[in-house]
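**Student:** Protein chains in written order, with this note's numbering: chain A, 1455 to 1809; chain B, 46 to 304. Cβ coordinates follow ideal geometry from the N, Cα and C atoms, glycine included. For clarity, every value in this text was computed on a predicted model and none was experimentally measured.
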Amino acid sequence: MNGLPTWLTNKKASDDIAPLLQNDSSVSLESLAAEARAITLSRFGRTMSLYAPLYLSNFCSSGCAYCGYASDRATRRRRLEFEEVRRELEGMKKMGIHDVLLLTGERTSAAGFDYLRRCVEIAAEIMAKVSIEAFPMHVNEYRILAESGCTGITIYQETYNAEQYRRLHRWGPKQNFLERLELPERALQAGIKTVGIGALLGLSEPVEEALKVLRHVRHLSRTYWRAGLSVSFPRIRPQTGGFQPDFTVSDHFLARMIFAFRIGLPDVELVLSTRESPAFRDGMAGLAVTRMSIASKTTVGGYLEPDGNEKGQFEVNDDRDTKTFCKALEAKNIEPVFKNWEPVYNGPSTGQEQT
Amino acid sequence: MDSLQIGTYTFSSRLILGTGKFGNIASMVDAVRASGTQLVTVALRRYNREQAEHDLFTTLADLEGITLMPNTSGASNAKEAVRAAHISRELSGSPFIKVEIHPNPQHLMPDPIETYEACRILAGEGFLVMPYIPADPVLAKRLEDAGCASVMPLGSAIGSGQGLATAEMIRLIIRESTIPVIVDAGLRSPSEACAAMEMGCAAVLVNSAIAVAQSPPEMAAAFAEAVQAGYRAKAAGIMPKSGSAIATSPLTSFLDRTS
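1) What number of angstroms, rounded off, separates the C-alpha of Cys164(B) from the C-alpha of Pro155(B)?
2) From Val249(B) to Ala210(B), what distance separates their C-alpha atoms?
3) Run down chain B in chain order and give the residues with a C-beta less than 7 Å from the C-beta of Arg1497(A).
4) Do the region 82 to 91 of chain B and the region 116 to 136 of chain B meet, that is, are 3 or more Cβ pairs less than 8 Å apart?
5) Taking the alpha-carbon positions, what's the Gly1755(A) to Met1549(A) distance?
6) Quick one, which residues of the region 110 to 124 of chain B are near chain A if we go by CB-CB under 7 Å, in chain order?
7) What are the boundary residues of the alpha helix (DSSP H) that includes Glu1587(A)?
8) Starting from the beta carbon of Phe1792(A), find every residue of chain B whose beta carbon is closer than 8 Å, and list them in chain order.
9) Report the rounded CA-to-CA distance for Asp181(B) versus Pro140(B), giving the unit in angstroms.
10) Taking CB distances under 9 Å as the criterion, tell me whether Tyr1520(A) reaches chain B.
11) Leaving out five residues before and five after Leu1458(A) in sequence, what residues of the same chain have Cβ atoms less than 6 Å from its Cβ?
12) Compute the Euclidean distance between the alpha carbons of Leu1555(A) and Leu113(B), then round it to the nearest angstrom.
13) Helix, strand or coil for Ile1690(A) per DSSP?
14) Take Ser80(B) and list the residues in its own chain whose beta-carbon comes closer than 7 Å to its own, dropping the five residues that flank it on each side.
15) What does Asp1721(A) touch in chain B if you count any residue whose Cβ is under 7 Å from its own?
16) Using CA coordinates, which residue listed in Thr1744(A), Arg1710(A) and Arg1676(A) is at the minimum distance from Leu1495(A)?
17) Counting only Cβ pairs nearer than 8 Å, list the residues of chain A close to Gly65(B).
18) Sorted by chain position, which residues of the same chain lie with C-beta nearer than 6 Å to Val1661(A)'s C-beta, five sequence neighbours on each side aside?
19) According to DSSP, is Ser1511(A) helix, strand or coil?
20) According to DSSP, is Asp75(B) part of a helix, a strand, or is it coil?
21) Is the CB-CB distance between Gln1767(A) and Gln1693(A) below 9 Å?
22) By the three-class DSSP mapping on this structure, what secondary structure does Pro198(B) have?
23) Confirm, please, whether the CB-CB distance from Leu1637(A) to Ile1598(A) is below 9 Å.
24) Between which two residues does the alpha helix (DSSP H) holding Met1711(A) run?
25) Check each candidate in Arg1531(A), Gly1695(A), Arg1624(A) and Thr1776(A) and name the one with the smallest Cα separation from Phe1815(A).
26) Is there at least one Cβ from chain A nearer than 9 Å to Leu49(B)'s Cβ?
27) Which one of Ala1490(A), Ser1482(A), Asp1469(A) and Asn1477(A) has the shortest CA to CA distance from Ala1739(A)?
28) Less than 7 Å between C-beta atoms, sequence neighbours within five positions excluded: which residues of the same chain meet that for Gly208(B)?
29) Name, going along the chain, the residues of the region 1674 to 1706 of chain A whose beta-carbon falls closer than 9 Å to a beta-carbon of chain B.
30) Any Cβ of chain A within less than 9 Å of the Cβ of Val257(B)?
31) Please state whether DSSP places Pro1552(A) in a helix, a strand or coil.
32) To be precise: take each residue of the region 1573 to 1589 of chain A, compare its Cβ to all Cβ atoms of chain B, and keep it if any distance is under 8 Å. Which residues remain?
33) Which residues in the same chain have their Cβ closer than 6 Å to the Cβ of Glu1639(A), if we skip the five residues on either side of it in sequence?
34) Answer with buried or exposed for Gly1559(A), where buried requires no fewer than 16 other C-beta atoms within 10 angstroms of its C-beta.
35) If you measure from the beta carbon of Ser1803(A) to each beta carbon in chain B, is any gap under 9 Å?
36) Strictly under 9 Å for the Cβ-Cβ distance: is Gly1550(A) near chain B by that measure?
Structure, rendered in C-alpha cells:
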C-alpha cells in the first residue's frame, strides 16, 4: 500500500525487540519474565492501577467483521440516557471505581459528539479520571472533550496490516486505514493527555503486528514528548457474529509479547483487560502489566441491573468482582490502586498544539 | 545528630519517605515507623475519600509524630501544581508542599520552567516549598532566590535505582546553597544514601528502594542507619583523599628563590 508512514515501515525502529518475539528465540520466556519483572518493580513498584469500562451506547454504523456490535448484528441497540449514565457511574463509584473508560460505537445520530461530550461532563463530576474509547473525531472535538474533563483516549488500530484492515472493515467510516493511524496524533495535538493504543491480536500475523505497535508507540513518544502512552494487548474473544480470527495467539506468545514490550518500553503503562482469564491476569500482575480493568461489563450500562440476556461487545473472561480481584492482587503483595488521579490535573495539555 | 531545620519545623530524622509503590498500606506504615522518619511525602492523587482502606493521605495524616509533605505528582504544568498545592494544604493542614511537575509521564523528569513558576507563586503564598528538580546548580539558586525552603535535586531518574548519577552537580548545588539540599529519587541502596549525606546533603528522600524491598521495614531501618552514619561522618570531618604523588622536583622550590 502506498503512502504508509515511514515510522510504520522502518523495521530498524523495532530491531532490538524483534528477536525476543520469536518462539524459537534463544532468550527463554523465563528470562524475559525475570527482566520484565525487575523493570516493572523498580519503575512502577508493587502497585496495579485499576479502571472499569462503561459502554454508553452500542449503536454503530461500521461493519467490523470481528465486533459483536457491528451494524449488521441482530443485537438490540440502545444508548444510556444522561440520567442512566449518572446512575451507572454512581453505582461504579460505590464499587470503588474512580477511573472510567467510556465507550461508544462508530458515530451515529443516536450517539454523536454532543452526546459523548455531555457524558464526559457527567463522568468528570463523579470520577477522578475519565477516558474514552469512541469514534474518530476532529482535533477541535478532541479539544472540547479535553476541556470537558477527558484526559485519555484509547484507540486501537485493530490491525496494522493494511490488507487485512481493508478486508475486515467491510463498510463504514472506519474503512480508511491511514486516517485511523492518525487519530492518536490528532488527540495529542488537541491536548488529550494520554493515548492508549494496541492491535486486536488475532487479526494479522502476531509478530509483525507486535513490532508495528511498538514502532507506533516509539513514534508517538518522539513526536509528542508530553504524551502519556499506554499499550493494551486485546486478544479476540468470542462475540455475536461468531467471527473466527485467522491467527491464533497463544498464552505463551501473548506473555512473551508483553514481557518484550516491558523491556522495549520500560516506562510505558501496559494494560490487560478482562478479555483474559483470571489465571493469566493474576500471573501477569507484578511481571509487566501495570494497569487492569476490573469487574467489567461489556453490555450497555449493566453495572446497576445486569441484563442476563443482553450480549456484550465480547464475552469477558474474568468476571470476578472488585473484592475477589483485589484479594488475588493482595495475595501477590500488589496494592490495588483505584484512585491515582485528581481532577485538578484535568484540562488540555499545554504546548502540544502544532501549527 | 543535629536536627534538620526547615522553616519553623525541626526534624531529628534526616530521612524523608515517599509512600507510593508499596505492596500494601500496612507495610508502608510499618516502613514509615521503622525508618524513624518525621516527614513523609504523599501524592494528592492518592487521596481517596470513599475508600479508607486504599487512602494513603488520611492514613498518613493520622500517624502521630509524622508531618505530611503532600506532592503534586500528576501535575504537568505550574497552574495544575498550584491548584493541587491549595487542595493539599486544605486536606492536610501542612504548609509543606513538594512541587513535582513532570510533563512526560514516562520518564517523570521534572520540568524546570514550570517548576520555577509554581515555586515562585507558592513561596509567595507562604508555603514551605520543596521542589523536585533536575540537578542543575543554576536552577537551584534561582529557586532559593524565589523563596523555596529547600531544593531536592534528583540523584537519577525516579524508580531507576541508578544512584547518585548526578553526584558532581549535586556537589555544586550543596557548595552554593544556603538552604537544605535533599537528594530525591534514584537511590537504590543505603550505601548511596550514606554517600549523599557524606557529600553534605541535609537529608535524603527514598521511596522505591524501600517500597520494593523484600522487607520494607527492614530496608527502611537500614536506610535510617545509613543516613545517620553519613551525616555523622560528614560532621566528624572525612579524611581527604590523598592527592597526586609528590613530584621529584618540588613544585614550590621557586619559593626558596623569591625571598
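**Tutor:** A quick look at the data gives this:
1) So the two alpha carbons sit approximately 13 Å from each other.
2) Straight-line Cα distance between these residues: approximately 15 Å.
3) Within 7 Å Cβ-Cβ: Gly204.
4) Taking one beta carbon from each stretch, the region 82 to 91 of chain B and the region 116 to 136 of chain B have 3 or more pairs nearer than 8 Å; the two touch.
5) Each residue's Cα considered, the two are about 14 Å apart.
6) Residues of the region 110 to 124 of chain B whose Cβ lies closer than 7 Å to any Cβ of chain A, in chain order: Gly119, Ala120, Ser121 and Asn122.
7) For Glu1587(A), no alpha helix (DSSP H) segment is defined; the enclosing uninterrupted segment is the beta strand (DSSP E) at Lys1583 to Glu1587.
8) Chain order gives the chain B residues near Phe1792(A) as Asn93, Gln96 and His99, where near means a beta carbon separation below 8 Å.
9) A direct Cα-Cα distance of roughly 25 Å separates Asp181(B) from Pro140(B).
10) Judged by the 9 Å Cβ criterion, Tyr1520(A) is not in contact with chain B.
11) Taking Leu1458(A) as the centre and dropping the five residues before and after it, the same chain places no C-beta closer than 6 Å to its C-beta.
12) The C-alpha of Leu1555(A) lies about 32 Å from the C-alpha of Leu113(B).
13) Of the three classes helix, strand and coil, the one that applies to Ile1690(A) here is coil, per DSSP.
14) Leu60, Leu62, Ala265, Ala266, Phe268 and Ala269.
15) Taking the beta carbon of Asp1721(A) as reference, the chain B residues within 7 Å of it are Gln151 and His152, listed in sequence order.
16) Nearest option by C-alpha distance: Thr1744(A).
17) Neighbours of Gly65(B) in chain A, taken as residues at a C-beta separation under 8 Å, are given in chain order as Gly1499 and Thr1501.
18) Scanning its chain for C-beta atoms nearer than 6 Å, with the 5 sequence neighbours on each side dropped, one finds around Val1661(A) the residues Leu1475, in chain order.
19) Strand at Ser1511(A).
20) Helix at Asp75(B).
21) Yes, these two residues count as a Cβ contact at 9 Å.
22) The answer is strand: DSSP assigns Pro198(B) an E or B state.
23) Taking 9 Å as the Cβ cut-off, Ile1598(A) and Leu1637(A) do not qualify as a contacting pair.
24) It spans Asp1705 to Gly1718 - the alpha helix (DSSP H) in which Met1711(A) sits, taken as one unbroken run.
25) Residue 1815(A) is absent from the structure shown; chain A starts at 1455 and stops at 1809.
26) No - not a single Cβ of chain A is within 9 Å of the one on Leu49(B).
27) For Ala1739(A), the closest C-alpha among the options Ala1490(A), Ser1482(A), Asp1469(A) and Asn1477(A) is that of Ala1490(A).
28) Answer for Gly208(B): Gly200, Ser201, Gly231, Leu232, Arg233 and Glu237, listed in chain order.
29) Listed by position, the residues of the region 1674 to 1706 of chain A near chain B (Cβ gap below 9 Å) are Ser1675, Trp1679, Arg1680, Ala1681, Gly1682 and Leu1683.
30) Using beta-carbon distances, Val257(B) counts as an interface residue toward chain A, with a partner under 9 Å.
31) Before going on, a small fix: residue 1552(A) reads as His here, not Pro. If DSSP states are grouped into helix, strand and coil, His1552(A) belongs with coil.
32) Look at the region 1573 to 1589 of chain A: the residues with a C-beta under 8 Å from a C-beta of chain B are Ala1582.
33) Here the set comprises nothing.
34) Counting every other CB atom within 10 Å of its CB across the protein chains shown gives Gly1559(A) a total of 16 or more, marking it as buried.
35) Yes, because at least one Cβ of chain B sits closer than 9 Å to the Cβ of Ser1803(A).
36) Taking 9 Å as the CB threshold, Gly1550(A) lines the interface with chain B.
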